[in-house]
Structure formats: C-alpha cells, structure tokens
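Residue numbers (the numbering used here): 10 to 170. Backbone N, C-alpha and C fix where the C-beta goes; we use that ideal spot for every residue, glycine too. Notes follow the structure.
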Amino acid sequence: MNIRAVRVEDLAGMQDCNLHNLPENYTMKYYLYHALSWPSLSYVAEDHNGRIVGYILAKMEEVDEQDGQPATNHVPHGHVTSISVMRSYRRLGLAKKLMLQSQEAMSSIYRAAFVSLHVRKSNRAALGLYRDTLGFAVKNIEEKYYADGEDAYAMQLTFEH
C-alpha cells in the first residue's frame, strides 16, 4: 500500500472511490479545484497495481466560517472535504494515514491553527476514528447538513505548533 500526494491523473480514481462509498458526490471540476489550489493537502492510497483505493480531499478555508464573508482577522485552518477508503481495504489504517499526512501538511506548510470536518451522526466508524484515534472534538451539531436531511457533527482538531 502506498500513500502519496494526489496528481491530476488520480482524480478519476478518486471520484470512482467516492461514488462507490459515499452518498455525497462531487464534480470532476471540484476535485480539480482542490488538487490545483492545495496540491499538498490531498492524498491517495494506491494498491500494488497502482489502483486508487482511498483518498483524502482537503483544503485551506478562505473565508470566516461564521458569516461567510471575507475574513478580516482570519485564523488559517484546514478542512477535510472528503475522505474515503474502498470497503475491501478498510481496517488497514489507511484512513488514519491519509488524515495524518494531510494534517501534517496543513500544519507545517500553511501554519494552520486547526483542521475541521463534518461527519454524519450515524457514521460510528468515522466518528471513532476522528474522536478516539485522532483526537478531534465535536464543536457543534449542524442540523440537516446533508442533502438527505441527516445531521452532521462539526468536528475540530487544534494543532500544536
């Protein structure tokens, strides 16, 4: 198993992984935007044949999350847009490795103060990874965050500099 920074030619494999595993899907343009804007924050996991079996799509936040307006005293922070691992490759630590790679880049390259993410309230496996393994804390609950009406936990991990 190999974890490496995303390349443009990986985007179709990332989208395929997303479509197989998650109800939240993105356009190719959205993947490309992340890969070109923050090339050091998104990673892929590939098997021995070079097939993409997992990915993390991440970015730096550009606006103040409270009001959606351009930030005046903006604290730089990262955000995990999406992470997915193909079912047959789960429980191998790939999601943890992908998260740690991206978090390290957020902290060291962009001097991010923290990283945020959203997770479905029903996704116990992901909640366990984020809270119990990686140390994220639930900041609040965003009601009807997902298109199907499910609530999300808004989670955050503060970086030590």
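query = When you compare only the Cα positions, how much space is there between C26 and S91?
reply = For this step, residue 26 is matched to residue 17 along the sequence shown. For this step, residue 91 is matched to residue 82 along the sequence shown. If you take the alpha carbons of C26 and S91, they lie about 11 Å apart.
request  = Give a single yes or no on whether Y52 has its beta carbon closer than 8 Å to a heavy atom of the ligand ADP.
outcome  = Although the ligand ADP was asked about, the structure shown includes no ligands whatsoever.
ask   = Which whole-angstrom value describes the C-beta separation of V124 and H88, a residue pair presumed to lie in contact below a C-beta threshold of 8 Å?
value = Against the sequence shown, residue 124 aligns to sequence position 115. Against the sequence shown, residue 88 aligns to sequence position 79. The distance from the Cβ of V124 to that of H88 is about 7 Å, consistent with a contact at the 8 Å cut-off.
request  = Flag this pair as yes or no: are the beta carbons of V62 and L109 separated by less than 9 Å?
outcome  = As a working note, residue 62 is residue 53 in the sequence shown. As a working note, residue 109 is residue 100 in the sequence shown. No, the pair does not count as a contact, with Cβ atoms beyond the cut-off.
ask   = From which residue to which residue does the alpha helix (DSSP H) around L45 run?
value = Counting from one through the sequence shown, the residue named residue 45 turns up at place 36. Segment 37-46, the alpha helix (DSSP H) holding L45.
query = Expressed to the nearest angstrom, what Euclidean distance is found between the alpha-carbon atoms of V84 and E70?
reply = To locate residue 84, count along the sequence shown from 1; it is residue 75. To locate residue 70, count along the sequence shown from 1; it is residue 61. Cα to Cα, the separation comes out at about 9 Å.
Other residues of its chain near H43: CB distance less than 6 Å, five sequence neighbours each side excluded = For this step, residue 43 is matched to residue 34 along the sequence shown. In its chain, beyond the 5 residues on either side, S51, L66, K68 have a beta carbon closer than 6 Å to the beta carbon of H43.
task = Please check the pair K105 and L138, which I expect to be a contact at CB under 8 Å, by giving their CB distance rounded to whole angstroms.
result = As a working note, residue 105 is residue 96 in the sequence shown. As a working note, residue 138 is residue 129 in the sequence shown. Taking C-beta atoms under 8 Å as the contact rule, K105 and L138 qualify, at a distance of about 6 Å.
inquiry  = Am I right that D160 and E152 are in contact with their C-beta atoms under 8 Å? What's the rounded C-beta distance?
reply    = Position 151 of the sequence shown holds residue 160. Position 143 of the sequence shown holds residue 152. In this structure D160 is in contact with E152, their Cβ atoms being roughly 5 Å apart against a cut-off of 8 Å.
task = Reducing DSSP to helix, strand and coil, say where Y155 ends up.
result = Stepping through the sequence shown from its first residue, residue 155 is reached at position 146. Coil.
Per-residue DSSP class, three states only, for L66 = As a first step, residue 66 must be located in the sequence shown, where it is residue number 57. In the three-state DSSP reduction, L66 falls in the strand class (E or B).
request  = Take the Cβ of D141 as the centre, count every other Cβ of all protein chains shown within 10 Å, and call the residue buried at 16 or more, exposed below.
outcome  = Taking the first residue of the sequence shown as position 1, residue 141 is located at position 132. Exposed, since its Cβ has fewer than 16 Cβ neighbours within 10 Å.
query = Do Y98 and A54 have their C-beta atoms closer together than 9 Å?
reply = Within the sequence shown, numbered from 1, the residue matching residue 98 stands at position 89. Within the sequence shown, numbered from 1, the residue matching residue 54 stands at position 45. Between Y98 and A54, the C-beta spacing is below 9 Å.
message = On the criterion of 16 or more Cβ atoms from any shown chain inside 10 Å, does A156 qualify as buried, or is it exposed?
response = Stepping through the sequence shown from its first residue, residue 156 is reached at position 147. Looking at its Cβ environment, which holds fewer than 16 other Cβ atoms inside 10 Å, A156 is exposed.
inquiry  = Just to confirm, is the Cβ distance from Y154 to L136 under 9 Å?
reply    = Taking the first residue of the sequence shown as 1, we reach residue 154 at position 145. Taking the first residue of the sequence shown as 1, we reach residue 136 at position 127. No, the pair does not count as a contact, with Cβ atoms beyond the cut-off.
task = For F123, write down the residues that DSSP places opposite it in a beta bridge.
result = Taking the first residue of the sequence shown as 1, we reach residue 123 at position 114. F123 has H86, T167 as its beta-bridge partners, per DSSP.
key: Which of helix, strand or coil DSSP assigns to K148   = For the purposes of this step, residue 148 is identified with residue 139 of the sequence shown, where counting begins at 1. The three-state reading of DSSP puts K148 in strand, counting E and B together.
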